[in-house]
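Student: Protein sequences appear in the order of chains E and X.
At position 231 of the first sequence (counting the first as 1) the number is 231 in my numbering, and the numbers step up by one without a gap.
At position 122 of the second sequence (counting the first as 1) the number is 1122 in my numbering, and the numbers step up by one without a gap.
Virtual Cβ for every residue (Gly too), placed ideally from N, Cα, C.
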Amino acid sequence: MLPQYFEFQNAVKICSGLLALDRLSYELRSLGAKAPLVLSDATLRKLGLLDRVLSAMSDIPPTCVYTEIPADSGTEIVDHIARLYRENECDSIVAAGGGSVLDTAKGVALLIAHDASHIKSLMGCDTLDRGRRVPYIAIPTTAGTGSEVTAVAVVSDSVHQVKLEYISTHLMPDVAILDPRMTQSLPPRLTASTGMDALCHAVEAFSSTQKNPLSDAYAIAAIRLIMENLEQATRHPNDKQARLAMANASLLAGSAFSNSMVGGVHAIGHAAGGLCHVAHGDAMAILLPYVMRYNEDCLREIYGELLLYLGGAELYAATPKERRPREAIHVIRRLAKRLNRYCGLPLRLQDTGRVQAEDLPLIAQAAVNDGAMIANIKPISQKDALKILMHAY
Amino acid sequence: MIKALICRVVLFFLYRGMRVLEVYDPQLRQELQALPQGLTFGIRTSPHPGSPCITFVNGSKGLRKGKSWEIPHILITFKSLSLAFRVLTGLESIACAYARHSFTLQGNINAAMGFVRAMEITEGYLFPAFWAKRILKRLPEKQIPTPGVYLFALLGL
Ligand SMILES: [Fe+2]
């Protein structure tokens, strides 16, 4: 159904596929970049992926390279890198990494664009104007967050143990480079976990309060690619076709949720991540079926339709209409179980080794204050969140 | 003009109503108590300087009105008066207005969530049930009848 009003934006240029990374210098030049700051993390440096990026920049070498970004990057790191950017007189950003690196880069770009020193001073949703232009090229090395096309940045506040959300279309990078070589070395366990994050983005985007025909189209395309390629990419890491398909799926799902928001799975997952440091993808893989079960009575039609994309035409046709919503949840659960067998993807919160039963009430409390909760069609109170968590524990 | 006037009246009852319910509704009280003391929350019905606005202060002795010239910690600014009008008259929920990008939110989104829930509880009292049901995901269990809220709000109790 067409909503009374909706907005959709995806202004990111997408370079996807064969030798995509080799176009980096050209893209930098066309953005007017002369002194790029390169952001990445220590693992990618060790794996040699950073070198690959740097060699693709031989025409426009970086002025500064920073690779100390941790998995859960925080406000202090963003502030620190912005200082480096200024000290080295950089004029653009190239970020290669997972969600944490790409979101850190967004935070840095935001600080530079607004001549600010502390990322916490810029918190909000849709409040900022474009500010100074900071060319930003994102090169994802995981296929999950979709950060390369989203208008969202999540940065940890280590003092208050919460994840801060920044929402602005000005956070979107100028260019996203999807090169299968950049995700090939992602270990099976991470491939599965980040892939489930992408699936969660697509499912939540398709069932949130802000869903619209464009975000639906992106979400559906993402779900199909994930269902066809996630297991293959997990079991056969060198399958370039599957890797590229997953990179595209992640991007499509990212654009879908960036325009229609995520819901309860992310709200509870962000809280579990903030308080207990559960990896985001793991939290998504665990919580998705449980939150869907909770939402099922309000979203029967939408979940029923999802079965077509999750399970394919044959399963959809063979399943009676009233059983389709539940079957859609079962398809996801079965996928998670297979991934668990291949690579140990956790199926319950206690399997992560990071959550204790006594943490659950605190997670529930933090979850209802997460911005994503507002987009969940069925209301989730603190009590409801606790029940979901207890089921998922 | 008339829309601005109506918005002003609704903001008045929203503030006074919330103060009344802080006494009578334990759920609303809990929401406000969970927020940091001294937190200020503002609603501007449009970016235009003279448009109706209000600032709430989560004070140690309960909710009070803040100074309109101070920038609050959390500020909701509707993109136009007509968009604010829809929310304040219950034609659209805050969640729906958020989905439609009808306002901008300055400050910590997490801290805003509790205040938004408190506003929704108040709306559940101020609007007739059939009206509130259309916009609210969940209606509050009323601890005081709606006319009582209006009466105490008018009397400033
Ligand atoms: Fe996610």
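Any contact of the segment 143-153 of chain E with the segment 88-107 of chain E, i.e. 3+ C-beta pairs under 8 Å?
Tutor: The segment 143-153 of chain E, when compared against the segment 88-107 of chain E, does touch it at the 8 Å Cβ threshold.
Student: Could you check whether the segment 370-389 of chain E touches the segment 223-239 of chain E, counting it as contact only if at least three pairs of C-beta atoms, one from each stretch, sit closer than 8 Å?
Tutor: No, they do not touch.
Student: Can you give me the Cβ contacts of residue 10 of chain E inside the same chain, cut-off strictly under 7 Å, excluding the 5 residues immediately before and after it?
Tutor: The answer, listed in chain order, is 149, 255.
Student: Please state whether the Cβ-Cβ distance between residue 388 of chain E and residue 291 of chain E is less than 8 Å.
Tutor: Cβ distance < 8 Å, so residue 388 of chain E and residue 291 of chain E count as in contact.
Student: In angstroms, rounded to a whole number, what distance separates the CA positions of residue 1006 of chain X and residue 1085 of chain X?
Tutor: About 8 Å.
Student: For the alpha helix (DSSP H) containing residue 1033 of chain X, name the first residue and the last one.
Tutor: Counting along the chain, the alpha helix (DSSP H) containing residue 1033 of chain X begins and ends at 1026-1034.
Student: Evaluate contact between the segment 38-52 of chain E and the segment 1128-1138 of chain X, counting only Cβ atoms and requiring at least three cross-stretch pairs below 8 Å.
Tutor: Short answer: they don't touch.
Student: Can you check which of these residues, X:1070, X:1032, X:1061, X:1059, is closest to residue 1111 of chain X by C-alpha distance?
Tutor: Minimum Cα distance to residue 1111 of chain X is reached at X:1032.
Student: So which residues of chain E does residue 1033 of chain X contact, with C-beta pairs closer than 9 Å?
Tutor: Within chain E, no residue comes near residue 1033 of chain X; the closest Cβ sits about 13 Å away, beyond 9 Å.
Student: Quick check for students: name the residue ranges of the beta strand (DSSP E) that lie wholly in the segment 156-189 of chain E, counting only runs of 3 or more.
Tutor: Entirely contained in the segment 156-189 of chain E, the beta strand (DSSP E) runs reaching 3 residues are, in chain order, 162-167, 175-178.
Student: Would residue 125 of chain E pass as an interface residue toward chain X - the criterion being a Cβ-Cβ separation below 8 Å?
Tutor: So yes, residue 125 of chain E belongs to the interface.
Student: Does the Cβ of residue 1002 of chain X have 16 or more other Cβ atoms within 10 Å, making it buried, or fewer, making it exposed?
Tutor: Exposed is the call here.
Student: In the DSSP assignment, the alpha helix (DSSP H) including residue 64 of chain E goes from what residue to what residue?
Tutor: It is not in any alpha helix (DSSP H) - residue 64 of chain E instead sits in the beta strand (DSSP E) that spans 64-66.
Student: For ligand 1, any of its heavy atoms closer than 7 Å to the Cβ of residue 197 of chain E?
Tutor: Result yes, Cβ under 7 Å from ligand 1.
Student: Less than 8 Å separating the beta-carbons of residue 1038 of chain X and residue 1058 of chain X?
Tutor: Yes, they are a contact pair.
Student: Give a single yes or no on whether residue 118 of chain E has its beta carbon closer than 7 Å to a heavy atom of ligand 1.
Tutor: Because no heavy atom of ligand 1 lies under 7 Å away, the Cβ of residue 118 of chain E does not count as near it: no.
Student: Excluding the 5 residues preceding and the 5 following residue 45 of chain E in the sequence, name in chain order all residues of the same chain whose CB lies nearer than 7 Å to its CB.
Tutor: The answer, listed in chain order, is 67.
Student: Tell me the DSSP secondary structure of residue 377 of chain E in three-state form.
Tutor: In the structure shown, residue 377 of chain E sits in coil (DSSP, three-state: anything other than H, G, I, E or B).
Student: In three-state DSSP terms, what is residue 355 of chain E?
Tutor: Residue state, collapsed to three classes: coil.
Student: Looking at the strands, I want to know which residues DSSP matches up with residue 136 of chain E.
Tutor: The partner list for residue 136 of chain E (beta bridge, DSSP) reads E:93.
Student: Once DSSP output is grouped into helix, strand and coil, what is the label at residue 99 of chain E?
Tutor: Residue 99 of chain E falls in the helix class under three-state DSSP.
Student: Is there at least one Cβ from chain X nearer than 8 Å to residue 400 of chain E's Cβ?
Tutor: As shown, chain E starts at 1 and ends at 393. That puts residue 400 of chain E outside it, with no answer to give.
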